[in-house]
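Engineer: Numbering of the sequence shown is given in the numbering used here, commencing with residue 9 and proceeding in unit increments.
Note that CB positions come from ideal geometry on N, CA and C, so glycine has one too.
Remember, predicted model here, so these are calculated numbers, not experimental data.
Quick one: this structure, given as structure tokens, is what I'll be asking you about.
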Amino acid sequence: MTASADSPERAAELAANLRTVQAQLAEAASAAGRSPTEVTLIAVTKTWPASDVRLLSELGVEHVGENKVQELTDKRGECVDLSLTWHFIGQLQRNKAKLAVANSELIHSVDRAKLVTALNQAAEALERDTVDCLIQINLDPSPMAGRGGVLPENALELADFVASSTHVRLAGVMGVAPRGLPAGPAFEKLQKVSQTVRQNHPHAWRISGGMSHDFAAAIAAGATHVRMGAALLGQRQYLR
Ligand SMILES: *Cc1c(COP(=O)(O)O)cnc(C)c1O
9 MTASADSPER
19 AAELAANLRT
29 VQAQLAEAAS
39 AAGRSPTEVT
49 LIAVTKTWPA
59 SDVRLLSELG
69 VEHVGENKVQ
79 ELTDKRGECV
89 DLSLTWHFIG
99 QLQRNKAKLA
109 VANSELIHSV
119 DRAKLVTALN
129 QAAEALERDT
139 VDCLIQINLD
149 PSPMAGRGGV
159 LPENALELAD
169 FVASSTHVRL
179 AGVMGVAPRG
189 LPAGPAFEKL
199 QKVSQTVRQN
209 HPHAWRISGG
219 MSHDFAAAIA
229 AGATHVRMGA
239 ALLGQRQYLR
């Protein structure tokens with residue numbers, strides 16, 4: 009059982025999980041010959057209450073991620089007094105672009121030109137100079153895989169399109185390793201796409217890869233951002 013929100017037990021549980029995760033990240037970085045300071049930890053708080061975000065913030069977590077626009081908006085609203093960077097990591101529909109731009113600092117899931125156009129218009133309407141985004145790469149070798157993302161061979165074309173838009177800033181790439189396959193080759197593919205994109209767009213250095221079960225493989229392949237849910241917060245229960 010997970011301790012109930014706000015209880016001292018929940019605070020202790022999150023503190024212990026965070027210590028473990030930070031130690032594992034440091035170990036993975038050092039095994040890869042990298043400094044742990046090169047890897048940004050994003051706490052994926054989807055399905056968990058704003059009180060958990062608050063506890064994590066008190067423990068020093070600065071980056072949080074959400075995959076649903078409404079949940080992101082509500083939780084950010086409950087945490088306006090905290091100094092946090094919000095990441096949107098879910099699939100994004102064009103009609104939610106404005107809400108996503110208004111409530112996040114980095115959008116990880118840009119995978120089509122029409123969405124870029126919608127984000128550009130949203131940023132303009134909100135009088136934001138720029139919205140930072142990552143291009144999501146489909147790392148699944150099976151052609152019918154439906155986890156979102158542009159195919160690796162089309163990434164550069166989309167990156168060029170993002171770079172040509174006035175209010176969307178290309179910050180890097182993102183990927184989710186396909187289920188049931190070794191994660192290493194998937195993250196190496198992501199790293200290759202990143203290198204290709206950076207030849208045209210040197211400032212787009214971010215690589216968002218890795219989740220609770222595969223972050224070490226992502227860090228070995230150059231990930232600069234890892235998105236950790238279960239390892240920090242516990243197993244999600246969608247029917248609560
Ligand atoms: C939920 C989610 C995560 C976190 O997954 P965990 O296995 O709980 O660490 C990371 N990335 C994306 C895109 C997600 O939707």
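Using the Cα positions of ALA225 and GLU17, report the straight-line distance between them to the nearest angstrom.
Structural biologist: Locating residue 225 in the sequence shown gives position 217, counting from the first residue. Locating residue 17 in the sequence shown gives position 9, counting from the first residue. Computed Cα separation, rounded: 32 Å.
Engineer: Report back the beta-carbon spacing between ILE121 and ALA105 to the nearest angstrom; my notes put them in contact at under 8 Å.
Structural biologist: Here residue 121 corresponds to residue number 113 of the sequence shown, with the count starting at 1. Here residue 105 corresponds to residue number 97 of the sequence shown, with the count starting at 1. Correcting the residue identity first, residue 121 is Ala in this sequence and not Ile. At roughly 13 Å, the Cβ-Cβ gap does not stay under 8 Å, so ALA121 and ALA105 are not in contact.
Engineer: Quick check on ASP273: does DSSP put it in helix, strand or coil?
Structural biologist: Residue 273 is absent from the model: the chain starts at 9 and stops at 248.
Engineer: Can you tell which of GLU113, GLY183, LEU134, PRO149 has its C-alpha closest to the C-alpha of ILE143?
Structural biologist: The residue given as residue 143 occupies position 135 in the sequence shown. Ranking GLU113, GLY183, LEU134, PRO149 by Cα distance to ILE143 puts GLY183 first.
Engineer: Measure how close the beta-carbons of ILE215 and ALA40 come, nearest whole angstrom, since I'm counting them as under 8 Å.
Structural biologist: Within the sequence shown, numbered from 1, the residue matching residue 215 stands at position 207. Within the sequence shown, numbered from 1, the residue matching residue 40 stands at position 32. Contact flag wrong, Cβ pair sits at about 13 Å.
Engineer: Give the straight-line distance between the Cα atoms of LEU80 and SER59, rounded to the nearest whole angstrom.
Structural biologist: Working through the sequence shown from its first residue, we reach residue 80 at position 72. Working through the sequence shown from its first residue, we reach residue 59 at position 51. Their Cα atoms are separated by approximately 14 Å.
Engineer: Using 8 Å as the cut-off, can you tell me whether the stretch 230–243 makes contact with the stretch 36–51, which would need three or more C-beta pairs spanning the two stretches below that distance?
Structural biologist: Judged by Cβ distances under 8 Å, the stretch 230–243 makes contact with the stretch 36–51, as three or more pairs qualify.
Engineer: So LEU26 packs on LEU240, CB below 8 Å; how close in whole Å?
Structural biologist: Within the sequence shown, numbered from 1, the residue matching residue 26 stands at position 18. Within the sequence shown, numbered from 1, the residue matching residue 240 stands at position 232. About 6 Å separates the two Cβ atoms, so the contact holds.
Engineer: Using a 10 Å radius around the Cβ and a threshold of 16 neighbouring Cβ atoms, would you call ASP168 buried or exposed?
Structural biologist: In the sequence shown, residue 168 corresponds to position 160, counting from 1. The residue is exposed, with fewer than 16 neighbouring Cβ atoms inside 10 Å.
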